[in-house]
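Below you'll find the structure, written out as structure tokens, and then a few comments.
Numbering (this note's numbering), first residue to last: 39 to 494.
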């Protein structure tokens with residue numbers, strides 16, 4: 039079963055169907071259309087018998103699961119039969135063909151007889167490759183870009199080389215030479231050897247004029263760093279603590295910057311204890327909510343939630359600051375983080391901080407040209423499918439096709455331009471998309487037959 043988005047970045051759905059029909063492997067594959075052109079998009083058996091249904095965007099994850107369950111049973115049964123089919127059947131056919139050719143040249147020279155075992159081994163080699171089944175991920179509880187916009191197979195516009203294709207082209211005679219070269223280089227240098235860094239020394243540092251905060255966060259995750267990311271700006275330094283590449287919490291030694299108000303959780307706590315906890319945060323950086331929890335003034339679980347909330351609110355201010363300098367230090371973590379839960383999904387943690395930013399907080403940061411065109415970055419499309427998006431964010435992300443402008447996206451979703459810019463700011467900060475100037479001479483996006491009939 040193929041879930042096919044009618045509008046893909048560089049090809050239309052009907053062209054994809056034509057290519058599927060031309061390929062013997064996919065000629066009988068069933069297709070469910072997905073489109074945002076309206077509720078009147080239905081399958082036309084006369085046009086293509088493979089189209090068995092349609093989904094109108096946006097749709098819920100429950101509707102997607104129901105659709106898959108409706109059209110998948112026969113496909114699942116046939117897939118199981120194909121998986122259970124022994125590979126020896128195919129090998130017998132190939133071996134039979136080889137045997138016939140060998141019999142026809144039985145009276146050939148000794149060279150042909152010497153090549154026969156080589157040919158048989160080449161035929162038998164693919165039999166060792168076993169089919170790998172990828173376990174399906176449970177996406178029913180979260181709204182992702184696939185459930186809101188219809189996940190499409192990116193192989194149509196970026197076909198990957200089959201595994202092992204590069205090595206298959208290397209002649210067997212050169213294997214020994216390559217191996218000897220590798221052995222020589224291994225003697226000269228050991229790849230992947232870690233260079234020791236003194237405790238407390240800067241592992242990396244940068245400036246948002248040249249490097250983004252998103253780059254810094256992904257570096258922490260990629261290198262599985264433990265320590266503190268210190269962010270310097272026009273206010274008190276913000277400290278972001280991580281353990282093994284996972285984000286713990288964000289804090290600062292200015293308790294008023296951290297939390298200027300008094301949460302309802304502290305209503306029954308003596309004011310003197312609150313003041314003392316704030317002073318301890320000023321001295322050590324420990325969030326005063328954790329101090330009050332250790333003193334059993336408040337319950338531990340609400341204290342953790344407050345630390346996460348106000349920490350992300352604090353980091354949200356860095357995204358709109360005109361300039362931030364940052365430095366990561368590999369140091370031992372303070373004791374108050376020992377039992378604190380960590381967040382391993384860097385993109386989701388970053389998106390959670392960006393949601394605290396309001397339109398009035400952006401200022402000149404969101405003055406994007408309405409005619410500019412958002413487009414996915416190199417790995418943006420893959421990353422956005424893994425994010426836990428809200429319905430509004432998923433609908434917005436489904437509009438990125440490399441041809442729609444910001445103004446067109448806002449019009450399609452019936453959004454005020456300032457709210458469209460706010461949502462776009464989140465995807466830009468995550469470096470999932472980037473804005474391109476409008477293409478010269480292109481006044482509107484290309485549409486297929488259904489787009490011309492129903493609009494879009």
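Yeah, the Cβ is synthetic: ideal placement off N, Cα and C, and Gly gets one too.
Quick caveat: nothing in here was measured; it's all calculated off a predicted structure.
Each of 472, 275, 56, 63 was checked against the Cα of residue 361, and the nearest Cα belongs to 275. Spatial neighbours of residue 256 in its own chain (CB-CB distance under 8 Å, excluding positions within 5 residues in sequence) are listed in chain order as 384. In the structure shown, residue 91 adopts extended strand secondary structure according to DSSP, grouped into three states. Only residues of its own chain outside the window of five on either side were considered, and among them 275, 277, 365 have a CB closer than 6 Å to the CB of residue 268, listed in chain order.
Residue 289 holds the alpha-carbon nearest to the alpha-carbon of residue 270 among 289, 107, 281, 280. In this structure the region 245-265 lies against the region 467-478, because at least three pairs of beta carbons, one per stretch, are closer than 8 Å.
By the beta-carbon neighbour count (other beta carbons within 10 angstroms, threshold 16), residue 474 is exposed. By a beta-carbon distance limit of 8 Å, residue 461 contacts residue 434. Their separation comes to about 5 Å. DSSP places residue 304 in the helix class (H, G or I) of the three-state scheme.
The shortest CA-to-CA distance from residue 349 to any of 327, 70, 63, 449 is the one to 327.
Counting the other Cβ atoms within 10 Å of the Cβ of residue 302 gives fewer than 16, which makes it exposed.
When the Cα atoms are used, residue 294 and residue 455 turn out to be separated by approximately 34 Å. Residue burial annotation: residue 432 is buried, with at least 16 other C-beta atoms found within 10 angstroms of its C-beta. DSSP places residue 276 in no alpha helix (DSSP H) but in the uninterrupted beta strand (DSSP E) bounded by 276-281. Selection 422, 264, 265, 357 evaluated against residue 245 yields 357 as nearest (Cα-Cα). Beyond the five residues adjoining it in sequence on each side, residue 355 comes within less than 6 Å, by CB distance, of no other residue in the same chain.
Inclusion of residue 90 and residue 69 in the CB contact set at 8 Å is warranted, their separation being smaller than that value.
In the displayed model, residue 412 falls within a strand according to three-state DSSP. Going by C-alpha positions, residue 393 is about 13 Å away from residue 426.
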